[in-house]
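In order, the protein sequences belong to chains U, Z and R.
Once you know that position 234 of the first sequence is 234 in my numbering, the rest is easy, because the numbers rise by one and skip nothing.
Offset between the second sequence (1-based) and my numbering: plus 271.
Offset between the third sequence (1-based) and my numbering: plus 542.
Down below is the structure, laid out as structure tokens.
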Amino acid sequence: MKKIKFSNGVNLIALLTDFGNRDGFAASVKAVILSKNPDAKLIDISHDVSSYNIQEAAFILFSCFSYFPQKTVFMAVVDPGVGSKRLPIAIKTRNYFFIGPDNGILSLAAKSDGIEKIVFLGNKKYFLKDIPTTFHGRDIFASAAAYLSKGFSVNKLGCALKKIEETDLELPEIKKNEIKGAIIYTDKFGNLITNITGEQFQYFLKHNDNFSCILNKKKINKTYSFYNQAKDNEPFLIEGSLKFMEISVKNKSAKEFFKIRGTGGKVIVKN
Amino acid sequence: MKKIKFSNGVNLIALLTDFGNRDGFAASVKAVILSKNPDAKLIDISHDVSSYNIQEAAFILFSCFSYFPQKTVFMAVVDPGVGSKRLPIAIKTRNYFFIGPDNGILSLAAKSDGIEKIVFLGNKKYFLKDIPTTFHGRDIFASAAAYLSKGFSVNKLGCALKKIEETDLELPEIKKNEIKGAIIYTDKFGNLITNITGEQFQYFLKHNDNFSCILNKKKINKTYSFYNQAKDNEPFLIEGSLKFMEISVKNKSAKEFFKIRGTGGKVIVKN
Amino acid sequence: MKKIKFSNGVNLIALLTDFGNRDGFAASVKAVILSKNPDAKLIDISHDVSSYNIQEAAFILFSCFSYFPQKTVFMAVVDPGVGSKRLPIAIKTRNYFFIGPDNGILSLAAKSDGIEKIVFLGNKKYFLKDIPTTFHGRDIFASAAAYLSKGFSVNKLGCALKKIEETDLELPEIKKNEIKGAIIYTDKFGNLITNITGEQFQYFLKHNDNFSCILNKKKINKTYSFYNQAKDNEPFLIEGSLKFMEISVKNKSAKEFFKIRGTGGKVIVKN
Numbered sequence: 001m002k003k004i005k006f007s008n009g010v011n012l013i014a015l016l017t018d019f020g021n022r023d024g025f026a027a028s029v030k031a032v033i034l035s036k037n038p039d040a041k042l043i044d045i046s047h048d049v050s051s052y053n054i055q056e057a058a059f060i061l062f063s064c065f066s067y068f069p070q071k072t073v074f075m076a077v078v079d080p081g082v083g084s085k086r087l088p089i090a091i092k093t094r095n096y097f098f099i100g101p102d103n104g105i106l107s108l109a110a111k112s113d114g115i116e117k118i119v120f121l122g123n124k125k126y127f128l129k130d131i132p133t134t135f136h137g138r139d140i141f142a143s144a145a146a147y148l149s150k151g152f153s154v155n156k157l158g159c160a161l162k163k164i165e166e167t168d169l170e171l172p173e174i175k176k177n178e179i180k181g182a183i184i185y186t187d188k189f190g191n192l193i194t195n196i197t198g199e200q201f202q203y204f205l206k207h208n209d210n211f212s213c214i215l216n217k218k219k220i221n222k223t224y225s226f227y228n229q230a231k232d233n234e235p236f237l238i239e240g241s242l243k244f245m246e247i248s249v250k251n252k253s254a255k256e257f258f259k260i261r262g263t264g265g266k267v268i269v270k271n
Numbered sequence: 272m273k274k275i276k277f278s279n280g281v282n283l284i285a286l287l288t289d290f291g292n293r294d295g296f297a298a299s300v301k302a303v304i305l306s307k308n309p310d311a312k313l314i315d316i317s318h319d320v321s322s323y324n325i326q327e328a329a330f331i332l333f334s335c336f337s338y339f340p341q342k343t344v345f346m347a348v349v350d351p352g353v354g355s356k357r358l359p360i361a362i363k364t365r366n367y368f369f370i371g372p373d374n375g376i377l378s379l380a381a382k383s384d385g386i387e388k389i390v391f392l393g394n395k396k397y398f399l400k401d402i403p404t405t406f407h408g409r410d411i412f413a414s415a416a417a418y419l420s421k422g423f424s425v426n427k428l429g430c431a432l433k434k435i436e437e438t439d440l441e442l443p444e445i446k447k448n449e450i451k452g453a454i455i456y457t458d459k460f461g462n463l464i465t466n467i468t469g470e471q472f473q474y475f476l477k478h479n480d481n482f483s484c485i486l487n488k489k490k491i492n493k494t495y496s497f498y499n500q501a502k503d504n505e506p507f508l509i510e511g512s513l514k515f516m517e518i519s520v521k522n523k524s525a526k527e528f529f530k531i532r533g534t535g536g537k538v539i540v541k542n
Numbered sequence: 543m544k545k546i547k548f549s550n551g552v553n554l555i556a557l558l559t560d561f562g563n564r565d566g567f568a569a570s571v572k573a574v575i576l577s578k579n580p581d582a583k584l585i586d587i588s589h590d591v592s593s594y595n596i597q598e599a600a601f602i603l604f605s606c607f608s609y610f611p612q613k614t615v616f617m618a619v620v621d622p623g624v625g626s627k628r629l630p631i632a633i634k635t636r637n638y639f640f641i642g643p644d645n646g647i648l649s650l651a652a653k654s655d656g657i658e659k660i661v662f663l664g665n666k667k668y669f670l671k672d673i674p675t676t677f678h679g680r681d682i683f684a685s686a687a688a689y690l691s692k693g694f695s696v697n698k699l700g701c702a703l704k705k706i707e708e709t710d711l712e713l714p715e716i717k718k719n720e721i722k723g724a725i726i727y728t729d730k731f732g733n734l735i736t737n738i739t740g741e742q743f744q745y746f747l748k749h750n751d752n753f754s755c756i757l758n759k760k761k762i763n764k765t766y767s768f769y770n771q772a773k774d775n776e777p778f779l780i781e782g783s784l785k786f787m788e789i790s791v792k793n794k795s796a797k798e799f800f801k802i803r804g805t806g807g808k809v810i811v812k813n
């Protein structure tokens, strides 16, 4: 599937930011890209990342990047440290290009695809302006994305770097009769995504007669394959579309049910 | 107008879901479509349908589909029953294609355009994955939409069905000197859209000297052609852009003015 | 940069409205455009302008239009006066086309680019329908945008007008040792954008040893080049990406910090 190329030889640019959808920020980025490459095809992943939340953006990018066509250029910008020592970078991976600040936002996706080359975006020739303002998304990253989408080599954009800042997903602690996991993301429906994979949970079930899962002092002891199999107001575990176990309540928000705020909450699976 | 075709022979795909704009759900759908058909042209109708609200999505689709170019492929997914007995379907109508779960979401629009063929999306060859996860939007519907947009016959996607689940708009009860209607939708501006058509209201006015309209025990006895003709804080009836009578307050939210929550509220027009 | 044209000879259409992203309003507009010009390339600037807020939309358009490629057609619709005496217009400027209601929404951007021609959209041949409903965005403006994007002369759309409604940015009062400015916009991050330009502020600093800035009885006496240079919970002035001075708090909302609601608040810079 991924072998298909765009018929006009131009690659897709996918955008992920915390710029919101009301101000002119995302529009300025798109305008710069289309000024540099009128044939670029743009897709918004999201501009609704919680302000300054690098971890959240890293997970969203990780959750969807692998479905995009080969050679897609991902520009991901959540950038509280703009103007500080954090570097603007581009990464060439096995199948894709990633552009953004070197603050961890790109790491989950890029590492998962296999990093081949990291470049510090230092070549001002490819900036929008010689002296960028506080808005690197428009002045540096959008311009770099446009050049990559036109087929420019990533090497032209600046000199090589050896490594990137990493944002790792906390891994669950797995014992024979216990898994200590955590909530790593909550989605629009209020599903609570844990860091426990479906495989890890199946492995636990194979070696234990039963399971109960504790979150915020409440117990979950059902697991289903589809949301609709559950009873009303009954929390349950389900393997979600990202292969992680999710805590859900049918047609309701598990986030509200369990009174969860943000991520990080502990999830204990026991016999 | 509708006779114009896309110059590259590829049709438009219009997306309507309750996936929200923050998570990677809508992006995954678009990524799958563009991986299967790099030339597809994508339009977001909305991803902000209230979670699980099939009725709301059905109305939004109904409100705009007929303005799209011929052969547009509509993919509409609000899918609380994913994985249950509800079938994934595609519908060929007089001018368009519709793809989504068979739970009523497609029915208002498809019936209005004239259903010509209904197909159960059972041919796994056209799935993204042999065994779809909980996310049929990405694993089944996006893939089917891509194939239809490339000109594949709807017959290839699976076997024929005789009928679809229907979501009908409640019809108003019309007597010579009374119309019993209901609020069927509230828009971003707080306008309350009723199921009483402009034609039905004009007919009432022709046979009655006067009118008063009751909603939540409050009276409305003005009607205008444009919002701007009304006085401040004066509720009024107006024929909206969908040809239904709407209850509005100039530059304010009628929804807040009448303290309306959701849809279904009774609207009585009397002499 | 701006000289690059779209390879297919078709221009970009950029959309800015208060239609929201849930209803079918924006989708109907796009559908009409693509029905009239299947090759049009559409970019959403925003559909999340606060309902009826012409001033806000005028500023958003002003903040991003100049980054778009030459010949972009901007359709901006916030239209509380739809159907009243306000005229539907198109403006040809030095580099762009602007379409919308003549209520001030277009004026900041169009004047900044240099107005060359103003046309009253009176030629019904280019309407979607002979008798438009309450929804001019769909019935008049979208259609006009499609024709302009195909290269139709603006003269065909109606007769010439001499001037447009203006929405001017309030200018700061500048004295040697005092600037009296105002908040003109607040962005998604809660940054408070003032009408004092970076140049004006630098001029003040050149002629004064020191500065203190008063907003809502609170003092600001720091200025930085990048957000990250500030300490936590310390408000500061910074030249933003639009060349205006902004009041910010690092990784926080200055809007909440200063308890600001809306725009218009006075900002006094003193020695």
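C-beta: ideal position from N, C-alpha, C; glycine also.
Treat the numbers as computed from the prediction; the structure is a model and nothing was measured.
For residue i: DSSP bridge partner residues
{"i": "R/A724", "result": "R/K808"}
{"i": "U/E239", "result": "U/M245"}
{"i": "R/F640", "result": "R/F616 and R/I633"}
{"i": "Z/C484", "result": "Z/I491 and Z/V540"}
{"i": "R/A702", "result": "R/V661"}
{"i": "R/I735", "result": "R/Y727 and R/E788"}
{"i": "U/I131", "result": "For U/I131, which the question treats as bridged, DSSP gives no partner whatsoever."}
{"i": "U/E173", "result": "U/K180"}
Sequence-distant residues of the same chain with beta carbon closer than 6 Å to residue i, five excluded per side
{"i": "U/N272", "result": "Residue 272 of chain U is absent from the model: chain U starts at 1 and stops at 271."}
{"i": "R/I596", "result": "V620, N645, G646 and I647"}
Residues that residue i contacts on chain U, provided the C-beta gap is smaller than 7 Å
{"i": "R/F743", "result": "Result: empty, since nearest Cβ-Cβ is about 14 Å, beyond 7 Å."}
{"i": "Z/K301", "result": "I43"}
{"i": "Z/F406", "result": "S241"}
Alpha helix (DSSP H) segment containing residue i, residue limits
{"i": "U/A58", "result": "I54 to C64"}
{"i": "Z/L305", "result": "F296 to K307"}
{"i": "U/F257", "result": "A254 to F257"}
{"i": "Z/E470", "result": "G469 to H478"}
{"i": "R/S649", "result": "S649 to D655"}
{"i": "R/A688", "result": "A684 to S691"}
Cut-off 7 Å between Cβ atoms - residues of its own chain near residue i, not counting five sequence neighbours on either side
{"i": "R/S691", "result": "V552, N553, I555, N579, A582 and V615"}
{"i": "U/E116", "result": "K92, T93 and R94"}
{"i": "U/G275", "result": "There is simply no residue 275 of chain U to check, as chain U begins at 1 and stops at 271 in what is shown."}
{"i": "Z/E527", "result": "G461"}
{"i": "Z/A329", "result": "G375, I376, S378, L379 and T438"}
Chain-ordered neighbours of residue i on chain U, where CB pairs are closer than 8 Å
{"i": "Z/V353", "result": "F226, Y227 and N228"}
{"i": "Z/T465", "result": "Correct list: empty, because the minimum Cβ distance to chain U is about 28 Å."}
Within chain R, partners of residue i - CB distance below 9 Å
{"i": "U/G262", "result": "Within chain R, no residue comes near U/G262; the closest Cβ sits about 16 Å away, beyond 9 Å."}
{"i": "Z/S334", "result": "D565, G566, F567, A569 and S570"}
Nonlocal neighbours in the same chain, by C-beta distance under 8 Å from residue i, ignoring five residues either side
{"i": "R/L590", "result": "Sequence inspection shows Asp at residue 590 of chain R; the Leu mentioned does not correspond to that position. D560, G562 and N563."}
{"i": "Z/C484", "result": "K490, I491, N492, L508, I518, V538, I539, V540 and K541"}
Cross-chain neighbours of residue i in chain Z, by beta carbon under 7 Å
{"i": "U/F189", "result": "S322"}
{"i": "U/N251", "result": "Y323 and P351"}
Boundaries of the beta strand (DSSP E) in which residue i is found, first to last residue
{"i": "Z/S317", "result": "K312 to S317"}
{"i": "Z/L286", "result": "L283 to T288"}
Chain R contact residues for residue i, given Cβ-Cβ distances below 8 Å
{"i": "Z/S378", "result": "Here the premise fails: no neighbours, minimum Cβ distance about 16 Å."}
{"i": "U/R94", "result": "Neighbours of U/R94 on chain R: none; closest Cβ ~30 Å, over 8 Å."}
Residue i beta carbon near the ligand COA (any heavy atom closer than 7 Å)
{"i": "R/L663", "result": "This structure lacks the ligand COA, and indeed carries no ligand of any kind."}
Proximal chain Z residues relative to residue i, where beta-carbon distance stays under 9 Å
{"i": "R/P630", "result": "Chain Z residues near R/P630: none, gap ~13 Å exceeds 9 Å."}
Cross-chain neighbours of residue i in chain Z, by beta carbon under 8 Å
{"i": "R/P643", "result": "Those do not exist, as R/P643 stays about 11 Å from chain Z at its closest Cβ, beyond 8 Å."}
At a CB distance below 9 Å, what residues from the segment 40-59 of chain U approach chain Z? Give them in sequence order. Within the segment 40-59 of chain U, the residues whose Cβ lies closer than 9 Å to some Cβ of chain Z are K41, I43, D44, I45, S46, H47, D48, V49, S50, E56 and F59, listed in chain order.
Using a beta-carbon distance cut-off of less than 8 Å, what residues from the segment 767-784 of chain R approach chain U? Listed by position along the chain: S767, F768, Y769, N770, Q771, I780, E781, G782 and S783.
Any C-beta of chain U within less than 7 Å: which residues of the segment 412-443 of chain Z qualify? Residues of the segment 412-443 of chain Z that bring their beta carbon within less than 7 Å of a beta carbon in chain U are absent altogether.
Got a sec: which bits of the segment 284-300 of chain Z sit with their beta carbon under 9 Å from any beta carbon on chain U, in order along the chain? Taking 9 Å as the Cβ-Cβ cut-off against chain U, the residues of the segment 284-300 of chain Z that qualify are D289, F290, G291, N292, R293, D294, G295, F296, A297, A298, S299 and V300.
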